[in-house]
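Here's the structure, in structure tokens; my notes come after.
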Amino acid sequence: MRSGARSQAVWWAGVLLGVLLGMGEARATGLHVDVDLQTSLFLDRTYLFASPSRIHRLGDPESPAPLLLEGQFAPNLFLPQLRKNDFKQDGRETLFSLVFTPKILLRMFNTNSNPIPPPSYMPKFTLQAAHLRLLHGPDPEGAPRMLALGLNVILGHHSNGEDGCFFGNQTGTDPDCTPAEGQLPLNEVTGSFSTNMLRFEVHGRLGFDVDPHTLSAWIIGGHAFYELNTAIGPGGLTPQERTVYGVGHWGVGLVGERDVNGSRFRLEGALSHPFGETPSQRTTLSVELAANPWWGSGFGVFARYVRGQDYYNILFLERISLWQFGLVFDLNPGARLKTDSGRPPGFQ
Numbered sequence: 017m018r019s020g021a022r023s024q025a026v027w028w029a030g031v032l033l034g035v036l037l038g039m040g041e042a043r044a045t046g047l048h049v050d051v052d053l054q055t056s057l058f059l060d061r062t063y064l065f066a067s068p069s070r071i072h073r074l075g076d077p078e079s080p081a082p083l084l085l086e087g088q089f090a091p092n093l094f095l096p097q098l099r100k101n102d103f104k105q106d107g108r109e110t111l112f113s114l115v116f117t118p119k120i121l122l123r124m125f126n127t128n129s130n131p132i133p134p135p136s137y138m139p140k141f142t143l144q145a146a147h148l149r150l151l152h153g154p155d156p157e158g159a160p161r162m163l164a165l166g167l168n169v170i171l172g173h174h175s176n177g178e179d180g181c182f183f184g185n186q187t188g189t190d191p192d193c194t195p196a197e198g199q200l201p202l203n204e205v206t207g208s209f210s211t212n213m214l215r216f217e218v219h220g221r222l223g224f225d226v227d228p229h230t231l232s233a234w235i236i237g238g239h240a241f242y243e244l245n246t247a248i249g250p251g252g253l254t255p256q257e258r259t260v261y262g263v264g265h266w267g268v269g270l271v272g273e274r275d276v277n278g279s280r281f282r283l284e285g286a287l288s289h290p291f292g293e294t295p296s297q298r299t300t301l302s303v304e305l306a307a308n309p310w311w312g313s314g315f316g317v318f319a320r321y322v323r324g325q326d327y328y329n330i331l332f333l334e335r336i337s338l339w340q341f342g343l344v345f346d347l348n349p350g351a352r353l354k355t356d357s358g359r360p361p362g363f364q
């Protein structure tokens, strides 16, 4: 095992050991360990959609190609979650979570040959601290408000699994490319793209006119993030990639939601911008409207518009103007057999 890989393995072992020790301490300080019905907050959603838009790729003879389907597959896999208090009982709750998300973005073009470009592989670990609180106004009989805050610290990876040279004027395979110092344009068909990242996110939601009996409320909120690319670890960013892709990204977003009898209607907008890149890239804007009916068991429909730089691995220099329509799934599946007695139905 190479020394870099060995040091990374030791580091991850330390992280997991710290989590396990934290759980052991939790029992002594009044925290509880949830192993089945973990609370999912401020994490990635899964999408599957179609689009009438076209995608441009340098070096593709059929470019710009019509986009047939695209999917973002992001199951959030929880380790046992630490919880202090119970929102349903105490009106407040604090959560500590470690979540692994094997996130993948996949595109399919409406073409006769090579319809699927290399996917975006984006696995990540999220260490999250979240707090929920019920806020009562001066009138104790009036409708309460609800506050939700979250901090995510994310260690992730982003690559496309290709081994071609990064620049279009180079020949060979990565890392043995000629000339060694390439220049734009990028090799957008088979070029190797890979980076590791450290990302910080803050989230907030405030709910008004909360009715816990009918599951109804008005909700407003927002988020901000700051992301840094790094060469540390396997698949880290190369110096040539850093010059063009940049040092990192920052972004902000706003969300408004109406919950009525368990059905949710959401309007969300977000801006993101890279920094440290040459040539300079433009800001990316996305606006999304979604509806999750109560009978959908977490599934819903959405429409989204994205304008700016392409988010699909090595296509980050391409400008896009995409309309997207399809399905969204933003509730984690969990164990649903647990009853008050602690035994599943049929074993009472």
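In our numbering, the protein residues as written are 17 to 364. Positions of the beta carbon are idealized from the N, C-alpha and C atoms, including for glycine. The structure displayed is predicted, hence computed values, not measured ones.
Please list the terminal residues of the continuous beta strand (DSSP E) segment that includes residue i.
i: E243; result: 232-246
i: E86; result: 81-89
i: W310; result: Element bounds for W310: n/a, residue is neither H nor E.
i: D192; result: 192-194
i: R149; result: 136-151
i: E334; result: Looking at the DSSP string, E334 is not in any beta strand (DSSP E), and its letter there is neither H nor E.
i: Q325; result: 315-325
i: L167; result: 161-175
i: P77; result: That residue, P77, is in no beta strand (DSSP E); it is neither H nor E in DSSP.
i: Y63; result: 62-66
i: L98; result: 97-100
i: D275; result: 264-276
i: S288; result: 279-291
Leaving out five residues before and five after residue i in sequence, what residues of the same chain have Cβ atoms less than 8 Å from its Cβ?
i: Q256; result: F182, F183, E197, G198
i: L37; result: For L37, the pLDDT reaches just 45, beneath the cut-off of 50, and the residue's location in the model is therefore unreliable, although a value from the coordinates is still provided. Within the same chain, L37 has no close Cβ partners at all.
i: E293; result: T259, V260, Y261, G262, V263
Since residue i is in the alpha helix (DSSP H), which residue starts that stretch and which ends it?
i: P255; result: 255-261
i: F377; result: Coverage of the chain is limited to positions 17 through 364, which leaves residue 377 absent and any answer about it impossible.
i: F103; result: 103-106
Ignore the nearest five residues each way along the sequence and tell me which others in residue i's own chain have a CB closer than 7 Å to its CB.
i: S171; result: Note that residue 171 is Leu in the sequence shown, not Ser. For L171, where only same-chain residues beyond five positions count, the Cβ hits under 7 Å are K140, F141, L214.
i: P68; result: W339
i: T194; result: Q186, T187, G188
i: P80; result: R70, I71, H72
i: L85; result: A66, M124
i: D225; result: A159, A233, W234
i: D102; result: E109
Looking only at its chain, what residues have a beta carbon closer than 6 Å to the beta carbon of residue i, apart from the 5 residues adjacent to it on each side?
i: S279; result: P309, W310
i: R149; result: R108, L163
i: Q297; result: P290, Q325
i: I235; result: R221, G223, E273
i: D346; result: R61
i: V26; result: Low confidence applies here, because V26 scores a pLDDT of 44, under 50, leaving its location unreliable and the question unanswered by this model.
i: E78; result: T127
i: H147; result: T110, L165
i: V344; result: R61, Y63, A306, G316, F318
i: S288; result: H265, G267, T300
i: G87; result: L64, L122
i: P133; result: R123
i: A247; result: L253
i: N329; result: S136, N176, F209
Tell me the DSSP bridge mates of residue i?
i: D227; result: S232
i: V51; result: Per DSSP, none; premise fails for V51.
i: H219; result: G166, H239
i: S113; result: Q144
i: N212; result: H173, T246
i: V303; result: G285, Y321
i: V205; result: The partner list for V205 (beta bridge, DSSP) is empty, contrary to what the question assumes.
Would residue i and residue j be called neighbours here (beta carbons separated by less than 8 Å)?
i: G166; j: F58; result: yes
i: G249; j: S210; result: no
i: T55; j: L111; result: yes
i: T206; j: E243; result: no
i: A66; j: F318; result: no
i: H174; j: M124; result: no
i: L83; j: E204; result: no
i: V271; j: S232; result: no
i: V303; j: G285; result: yes
i: E217; j: N168; result: yes
i: N92; j: P135; result: no
i: R320; j: S337; result: no
i: L114; j: L74; result: no
i: G238; j: G262; result: no
i: A145; j: K119; result: no
i: L333; j: L253; result: no
i: D190; j: G180; result: yes
Measuring only between beta-carbons, confirm whether residue i sits less than 8 Å from chain B.
i: R335; result: Considering every chain present, this structure includes no chain B. It has just one protein chain.
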